[in-house]
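**Q** Before we start, here is the structure in question, set down as C-alpha cells.
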Amino acid sequence: MNARARLLMFLFAWAALGPAVVVLILHLPRFGAHALPYGDLINDSAPRERHVTNAVSAVNFDYRGIDTLGEEFMLLCAVTGVVVLLRSKRGERVDAPAGRVEARSLRPRSDAVSGVTRVLAPVTALFGLTVALHGMTTPGGGFQGGVIVASAILMVFLGEGYRSWRKSAPSIAFDAAEGAGAVLYALCGFASLLAGLPFLTNFLPLGTLRDVFSGGLMLIENAGVTLAVAGGFTVLFGEFLEETRVETRDDES
Amino acid sequence: MNALPWAVSAGLLAIGLYGMVTSRHFVHLIGCLSVVQASTYVLLLAAGFRWNAIAPIFYSFAPGTPAVDPVVQALVLTDIVVGATVTALLLALVLELHKRRGTLDPDQLRPLNRDRKG
Amino acid sequence: MMWLSVLPPLTVVGPLVIAGLLLIASRALPRPIPDIIALATTALTFILCLLLVRHTGHQPLVYWFGGWVPRHGFPIGIGFVIDPIGALLAAFIGVLFFATLVFAWGYYDEVHAHFHVLMLLFMSGMIGFCFTHDVFNMFVWFELMSVAGFALTGYQLRTSALEGALNFTVTNAVGSYLFLAGIALIYSRVGALDFGALQRGVAAQPHDVVVISAFVLLTTALLIKAAQVPFQAWLSDAHAVAPSPVSVIFSGAMVSIGIYGIAKLAWSVFAPSAEIRHVIRVLLLAMGAFSTVIGGVMALLQRHLKRLLAFSTISHVGLLLIGVALWERRALAGVFVYFIGHGLVKGALFMVTGILLALRGSIDEIELRGRGRGIWPAGVAMAAGGLLLAGLPVGLMSGGSDFIAAGANALGQGWLLWVVILGAGCTGAAVLRSSGRVFLGLGPVAGQERHSPTEEDKEKADRPLWLMLVPTTALLVLSLVGTRFGSDVISRATLRFMQPDNAMILDGAQAIPAPALALRAPPTSYTAWVSVALALAITVFSLLHHRLPRRASRYLQPIRPMLTSLRALHSGDVRQYVMWMAVGLAAFALAFAVS
Chain A
1 MNARARLLMF LFAWAALGPA VVVLILHLPR FGAHALPYGD LINDSAPRER
51 HVTNAVSAVN FDYRGIDTLG EEFMLLCAVT GVVVLLRSKR GERVDAPAGR
101 VEARSLRPRS DAVSGVTRVL APVTALFGLT VALHGMTTPG GGFQGGVIVA
151 SAILMVFLGE GYRSWRKSAP SIAFDAAEGA GAVLYALCGF ASLLAGLPFL
201 TNFLPLGTLR DVFSGGLMLI ENAGVTLAVA GGFTVLFGEF LEETRVETRD
251 DES
Chain B
1001 MNALPWAVSA GLLAIGLYGM VTSRHFVHLI GCLSVVQAST YVLLLAAGFR
1051 WNAIAPIFYS FAPGTPAVDP VVQALVLTDI VVGATVTALL LALVLELHKR
1101 RGTLDPDQLR PLNRDRKG
Chain C
2001 MMWLSVLPPL TVVGPLVIAG LLLIASRALP RPIPDIIALA TTALTFILCL
2051 LLVRHTGHQP LVYWFGGWVP RHGFPIGIGF VIDPIGALLA AFIGVLFFAT
2101 LVFAWGYYDE VHAHFHVLML LFMSGMIGFC FTHDVFNMFV WFELMSVAGF
2151 ALTGYQLRTS ALEGALNFTV TNAVGSYLFL AGIALIYSRV GALDFGALQR
2201 GVAAQPHDVV VISAFVLLTT ALLIKAAQVP FQAWLSDAHA VAPSPVSVIF
2251 SGAMVSIGIY GIAKLAWSVF APSAEIRHVI RVLLLAMGAF STVIGGVMAL
2301 LQRHLKRLLA FSTISHVGLL LIGVALWERR ALAGVFVYFI GHGLVKGALF
2351 MVTGILLALR GSIDEIELRG RGRGIWPAGV AMAAGGLLLA GLPVGLMSGG
2401 SDFIAAGANA LGQGWLLWVV ILGAGCTGAA VLRSSGRVFL GLGPVAGQER
2451 HSPTEEDKEK ADRPLWLMLV PTTALLVLSL VGTRFGSDVI SRATLRFMQP
2501 DNAMILDGAQ AIPAPALALR APPTSYTAWV SVALALAITV FSLLHHRLPR
2551 RASRYLQPIR PMLTSLRALH SGDVRQYVMW MAVGLAAFAL AFAVS
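So the protein lines, in turn, are chains A, B and C. Counting from 1, one number per residue, gives the positions in the first sequence under my numbering. Counting from 1001, one number per residue, gives the positions in the second sequence under my numbering. Counting from 2001, one number per residue, gives the positions in the third sequence under my numbering.
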C-alpha cells in the first residue's frame, strides 16, 4: 500500500472518528467543575491518617503502592532490554575513545563548559537528593529526584568527557543500584507481610505532619524508588553514550 | 473553555497518529508516539482539575483546603515512566537498526526478505 | 487461613523480587544457577496458583493492598479479586513458563541472567493482570507484560529481529496509550478505578457517551494485544523474529490474555450498558469471525513456519473473541477452556519450530523439505499439534470449542460454526502440510506459499533433542488430559465471572453462595469432524496437487488477486498498521452511532 492510499484511508477513518470525538467532547463533564470523590477522599485522608502533606506521594507510595511497584519493575525491564540490545554486541571495554561522525568537526570542549559543570553537577545532584528526600512534604519524590540525580551525573560527561564520566559512573554500581532500589521497594511490602499485615501496609511510626521524616514506610519506599530511577536512567544514558564510542577490534566476538 | 483541554487532547492524538502514518524516518515516528503519549497526559490531568483549588500539597495550606485530584497526578507520573522507558527501548532498537542497515526510512526497510525463492 | 492471605501478593511479587535479585547478582552466578532459580520460581508459582484454584471455589479471595479496605462501599486502595478462573489461567501461565525455561536451557550463551530476569518479569505481569480488580493496576501489569515482551523480542539482534520488534513495540505502545485514554475517560465520569465501583458507576449512567468511549478505547487496546482484525498485522512480524522460547509465550498466553482482559472488563465493568452489550455481540463477533478466517487463509499462504503459526494464533484467538462476543455462559466457559488448550498446543508447536531451527538451521518450510527425517519425534509432535488445531475431538481445545459451539447454537448463531470450521480447517491444514513437507518430504517443491516472506535463521545448535522434546510432549499431553477437571472448575466459576459479587467485594457483605452444579459437557459437535476432514482435504490437495491434471489448479486462479491483496495487508510497514488502528476505532464509532 503506497503512501497516498495509506493517508487517504487514515483520513477516511477520521471522517468517522472526528464527529465521534466532537460528540464525546460535548458530553464530557464540565472541565474543572465536576465531582472528584476519589481525590477528595485521599486529600482528606493523607494528612490525617498518614501525616504527609504531599497527597500525590501518598497515593504513589501508600494508597496505590502496588502500582508503583509494578512500574519500578517495568523500568527495570526496559533498562535491561536496552542493555541487552546495545551491550551484547558492543562489549564492555570502557577505555576506547569516543567516536565521531564523519565530516563533522569535533570542537574541543571549552573551559567555560568544564568550569560551569564542575559547579553545577554537585549542586544539581544535591538538589535532586533534596527533591527526593522532601517527597512527603513538598512537591517531589523518588522519581523526580532520581531523574535529577541522573542528569547531574550526565553533566559530568558534558564537562569532563567520556573517560572521566565512565570512571565516575561505573556501570556495575548503577546496575546494582537499579536492581537494589526495586528490590528494596518490594521488600518493604514483604516487611508488612512479616508484621502480619496486608502487603505494603504502612506499619512504621508515621512522624508528625510537615516534618521531612513523616510517612513511615513511605520514606523507605521513596528511597528505593530514588535509587532505582537514578540507577536506571544513568545506565540508560550510559548505554546510549557508549554508542558514540568507536568500536575496536576487541569488541567483535 | 470547557471543551479546550479535551479538544487539545484529541488534537494531539490525531496529530500524533497522522505523523506516524505519514512518517519517513523512524526517529520522527518515535517522536510522534511521544505526541500521542502527551495527549494522554493532557486528558488525565484535565480529568482531575478543579477551578480555584490548590495543588494537593498541604505544606503551606491547611489540610482540608480544596485541592485538585492527586490520583490522576500519580497516574500521570506512572504514565511518564512508561513513556520514557518505551521511548528508550524504541530508540535503542532504532539505533541498532541504523547500525545494520544504514538507513531509517521505513520505505526502505522491511521486516523480512522479500526474495522469491522457488 | 493465614497462609492463604499471603498468596496473592506472593504469587505476583515473589517472582519480581527474585528477578531483581537475579539481576543484581547476575555477574557473580555461574551458568546453571539462574536457570535453576528461574525454574524453581515458575514451578512454585504454578503450585501456589493451583492452591488458589482450590481455595477460591466457594467465594473469590479478596485482597486489599496496603490494608486499604473500601470505606462505605468506596474503594480507596487497590484490590486483587482471585476467582478460580483467574487462578487457573495463572497456573497455566506458570506451567507454560516452566516448560519454556526447560526448553530454553542452554539457549543463551551470555552469562548474565538477563533472559531469565525478563521471563520472570513477564510472568509476573501476566499473573498480576489475571488477579487485579483495578483498571489502572490492570494497566500497570499490562505494561509490565508488554515491555518485557518488547525487550525479549529484540533479543536475537539480527536485522530482521529489530524491524519485527519495532513493529511490535510501536503498535502495542499506541495500544497502551489508548488504554490510558480510556482510563482517563471512565475516571472522569465515575471517579473511581476499582472494577466494582466502576460497574456501579456504569449502571448509574448506562447510556453515557463517555462510558461508551472509554469502553471503545480500553477494548481497542486489548484487541491490539490480542491481534484481532483490523489490528492483527503486528503479530506475524513479531513472531517471525522472536526467539522460539519467547514465541511460545507470546502465542501461548500473551495474545489470549488480551481476550481475557476484554472479557473481564466487559462483565466486571461494562455489562450494565445495553448499547455496549449490543456492540459486543455484533462488532466483536464480526472481528472475531474475520480474524478466524483471515488468520486461517494467511496461515496456508506462509512458508516461514513461525509466521504460519502466528497466523494460526490469530485465527484461534478469533474463536476466543467469538466466544466472548456471544455473551453466553456456555460460550464463555468454552473460551477459558480453549484458552488453556490452545496455549498448550501452540506452545508445543513453537517448540517444534525451535527444534527445527536448532537442529536443521532453517525455519523455511520449502528449504526444510525432507530434512526433518532424522528427528521424526518432532514430526509426530507437529502432526499431533496440527490435528488438534484442526479440531480433533480430544483434549482441552476440542472441549472448549464444543462449549462455544453449544453456546452459539443456543443463540441460534449456527452459521458461526462454519466460520470456525473454515478457520480450524485452514490452520490445521497449514501445520499438517508443513509437517508432511518437512518430515516426509512430500509435496511439490513450492505452492502458493513461495511468494511469502522468509529469511535465513538459525538458533543455538548444541542443545540435545531430548531436552527440547520433553517440554514439547509434556505440553501436548497436558492439553489432552485434565479436560474434566478444567471444564468442571471453569464452568462452575463462569457464572460468578459474569455476575461479580460487588456487594461482597466492596461492602463486605456475605458472599453469594457459589452455584453447585457444573455445566454439563456438551456432546462432541459435528463441527470437529468436519473441520478435521477439511484440514485433511486441504493438506492432501496442497501436497499432491502437482500430480493432478492442470485443470484442477485452474480453479484457484480467480482467488489469486484476493490472496495478493491479503498479503499486502501484512506488509511489515508499521505506518500501515497505525492506519488500520484508526480504521478500527472508526468502526467502533460507526457501530455505536448506528445502534
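From the three backbone atoms N, C-alpha and C, an ideal C-beta is built for every residue, glycine too. Keep in mind it's a predicted model, so treat the numbers as computed, not measured.
(1) Which of the three DSSP states, helix, strand or coil, is assigned to A/Y38?
(2) Can you name the residues that DSSP bridges to C/L2061?
(3) A/A186 to C/G2361, Cα distance in whole Å?
(4) Do C/G2428 and C/G2391 have their C-beta atoms closer together than 9 angstroms?
(5) Given that a residue counts as buried once 16 or more other Cβ atoms are within 10 Å of its Cβ, and exposed if not, what is B/A1062?
(6) Would you say C/G2154 faces chain D, with C-beta separation under 9 angstroms as the test?
(7) Could you pull the DSSP bridge partners for C/R2071 from this structure?
(8) Mind checking who B/A1067 pairs with in its DSSP beta bridge?
(9) Relative to the C-alpha of A/L10, which candidate in C/T2169, C/V2578, C/F2231 has its C-alpha closest?
(10) Please confirm whether C/A2586 has its beta-carbon closer than 9 angstroms to some beta-carbon of chain A.
(11) Would a C-beta distance cut-off of 9 angstroms place C/R2575 and A/R6 closer than the cut-off?
(12) Rounded to whole angstroms, what's the CA-CA distance from C/H2055 to C/A2493? Just pull it up for me.
(13) Taking A/C188 as the reference, give the member of A/L227, A/E178, A/G179, A/L200 with the closest Cα.
(14) Contact criterion: CB-CB distance below 9 angstroms. Does C/T2472 meet it with respect to chain B?
(15) Put C/T2483 into one of helix, strand or coil per three-state DSSP.
(16) On the DSSP bridge assignment, give the partners of C/D2364 in chain order.
(17) When DSSP labels each residue in this structure, what does B/N1002 get in the three-state scheme?
(18) In the DSSP assignment, find the alpha helix (DSSP H) that holds A/Q144 and state where it starts and stops.
(19) Report the residue ranges of all alpha helix (DSSP H) runs contained in full by the region 177-243 of chain A; include only those spanning at least 4 residues, in chain order.
(20) Which chain B residues are close to A/L28, counting only those with a beta carbon under 7 angstroms from its beta carbon?
(21) Flag B/I1030 as yes if its beta-carbon sits less than 9 angstroms from any beta-carbon of chain A, otherwise no.
(22) With DSSP run on the structure shown, which of helix, strand or coil describes C/D2573?
(23) Does the count of Cβ pairs from the region 191-205 of chain A and the region 161-177 of chain A closer than 8 angstroms reach three?
(24) Could you tell me whether the Cβ of C/T2353 comes closer than 9 angstroms to any Cβ of chain B?
(25) So if I threshold CB-CB distances at 8 angstroms, which residues from the region 198-229 of chain A count as touching chain C?
(26) Expressed to the nearest angstrom, what Euclidean distance is found between the alpha-carbon atoms of B/G1101 and A/A230?
(27) In the DSSP assignment, what are the bridge partners of C/D2194?
(28) Mind pulling the chain B residues with CB within less than 8 angstroms of C/L2563?
(29) For the putative contact between A/G128 and A/I148, defined by C-beta atoms under 8 angstroms, what is the C-beta separation to the nearest angstrom?
(30) Under a CB-based cut-off of 9 angstroms, is C/R2071 close to chain A?
(31) Tell me the start and end of each unbroken alpha helix (DSSP H) in the region 2251-2329 of chain C that is at least 4 residues and wholly inside, in chain order.
(32) Can you pull the chain A neighbours of C/V2017, defined as C-beta to C-beta under 8 angstroms?
(33) Nearest chain B C-beta to A/A152 closer than 9 angstroms, yes or no?
(34) List the DSSP bridge partners of A/N54.
(35) Measure from the alpha carbon of C/L2193 to the alpha carbon of each residue in C/I2276, C/F2150, C/P2075, then state which is nearest.
(36) Could you tell me whether the Cβ of C/S2188 comes closer than 9 angstroms to any Cβ of chain B?
**A** In this structure, then:
(1) Residue 38 of chain A sits at position 38 when you count from the first residue of the first sequence. The answer is helix: DSSP assigns A/Y38 an H, G or I state.
(2) As a position in the third sequence, residue 2061 of chain C is number 61, starting the count at 1. DSSP lists C/I2082 as partners of C/L2061.
(3) Translated into positions along the first sequence, residue 186 of chain A becomes position 186. Translated into positions along the third sequence, residue 2361 of chain C becomes position 361. Near 42 angstroms, if we compare the C-alpha coordinates of C/G2361 and A/A186.
(4) For the purposes of this step, residue 2428 of chain C is taken as the residue at position 428 of the third sequence. For the purposes of this step, residue 2391 of chain C is taken as the residue at position 391 of the third sequence. Note that the C-beta distance between C/G2428 and C/G2391 is below 9 angstroms.
(5) As a working mapping, residue 1062 of chain B is identified with position 62 in the second sequence. Answer is exposed; the Cβ neighbour count stays below 16.
(6) In the structure shown, chain D does not exist; the protein chains are A, B and C.
(7) In the third sequence, residue 2071 of chain C corresponds to position 71, counting from 1. Bridge partners of C/R2071: C/F2074.
(8) As a first step, residue 1067 of chain B is located in the second sequence; it is residue number 67 there, counting from the start. The partner list for B/A1067 (beta bridge, DSSP) reads B/I1054.
(9) In the first sequence, the residue the question calls residue 10 of chain A occupies position 10. Here the sequence assigns Phe to residue 10 of chain A, which means Leu is not the residue at that position. Cα-wise, what sits closest to A/F10 is C/V2578.
(10) Along the third sequence, one-based indexing puts residue 2586 of chain C at 586. Cβ-Cβ to chain A under 9 angstroms: yes for C/A2586.
(11) In the third sequence, the residue the question calls residue 2575 of chain C occupies position 575. In the first sequence, the residue the question calls residue 6 of chain A occupies position 6. Yes; because the gap between Cβ atoms is below 9 angstroms, this pair is in contact.
(12) Looking up residue 2055 of chain C in the third sequence gives position 55. Looking up residue 2493 of chain C in the third sequence gives position 493. Rounded to whole angstroms, C/H2055 to C/A2493 spans 12 angstroms at the Cα level.
(13) By 1-based counting over the first sequence, the position of residue 188 of chain A is 188. Checking every option, the nearest Cα to that of A/C188 belongs to A/L200.
(14) For the purposes of this step, residue 2472 of chain C is taken as the residue at position 472 of the third sequence. With 9 angstroms as the cut-off, C/T2472 does not count as an interface residue toward chain B.
(15) Residue numbering aside, residue 2483 of chain C sits at position 483 when the third sequence is read from its first letter. C/T2483 falls in the helix class under three-state DSSP.
(16) Locating residue 2364 of chain C in the third sequence gives position 364, where the first residue counts as 1. Within the DSSP secondary-structure output, C/D2364 pairs in a beta bridge with C/H2304.
(17) As a first step, residue 1002 of chain B is located in the second sequence; it is residue number 2 there, counting from the start. Residue state, collapsed to three classes: coil.
(18) The count along the first sequence starts at 1 and reaches residue 144 of chain A at position 144. It spans 142-160 - the alpha helix (DSSP H) in which A/Q144 sits, taken as one unbroken run.
(19) 217-242
(20) In the first sequence, residue 28 of chain A corresponds to position 28, counting from 1. At a beta-carbon threshold of 7 angstroms, the residues of chain B lying near A/L28 are W1006, ordered along the chain.
(21) By one-based count along the second sequence, residue 1030 of chain B stands at place 30. Closer than 9 angstroms: no.
(22) For the purposes of this step, residue 2573 of chain C is identified with residue 573 of the third sequence, where counting begins at 1. For C/D2573, the three-state secondary structure derived from DSSP is coil.
(23) no
(24) The sequence position of residue 2353 of chain C within the third sequence is 353, counting from 1. Answer no: the Cβ-Cβ gap between C/T2353 and chain B never drops below 9 angstroms.
(25) P198, F199, L200, T201, N202
(26) Here residue 1101 of chain B is taken as the residue at index 101 of the second sequence, counted from 1. Here residue 230 of chain A is taken as the residue at index 230 of the first sequence, counted from 1. The question names Gly, but residue 1101 of chain B in the sequence shown is Arg. Distance between the alpha carbons of B/R1101 and A/A230 is about 33 angstroms.
(27) As a position in the third sequence, residue 2194 of chain C is number 194, starting the count at 1. DSSP, once it has assigned bridges, lists C/D2134 as partnering C/D2194.
(28) Counting from 1 along the third sequence, the entry for residue 2563 of chain C is found at position 563. The premise fails here: C/L2563 is roughly 15 angstroms from chain B at the closest Cβ pair, so nothing lies under 8 angstroms.
(29) Translated into positions along the first sequence, residue 128 of chain A becomes position 128. Translated into positions along the first sequence, residue 148 of chain A becomes position 148. Correct: roughly 3 angstroms between the Cβ atoms.
(30) In the third sequence, residue 2071 of chain C corresponds to position 71, counting from 1. It does; some Cβ of chain A falls within 9 angstroms.
(31) 2255-2265, 2274-2279, 2285-2300, 2305-2325
(32) Here the question's residue 2017 of chain C lines up with position 17 in the third sequence. Near C/V2017 (Cβ distances below 8 angstroms), the residues of chain A are V183, A186, L187, F190.
(33) The residue you call residue 152 of chain A lines up with position 152 of the first sequence. A/A152 does not count as touching chain B.
(34) Along the first sequence, read from residue 1 onward, the residue named residue 54 of chain A stands at position 54. DSSP output for A/N54 lists B/I1057 as bridge partner(s).
(35) By one-based count along the third sequence, residue 2193 of chain C stands at place 193. Closest by alpha carbon: C/P2075.
(36) Mapped onto the third sequence, residue 2188 of chain C falls at position 188. Yes, its Cβ sits closer than 9 angstroms to a Cβ of chain B.
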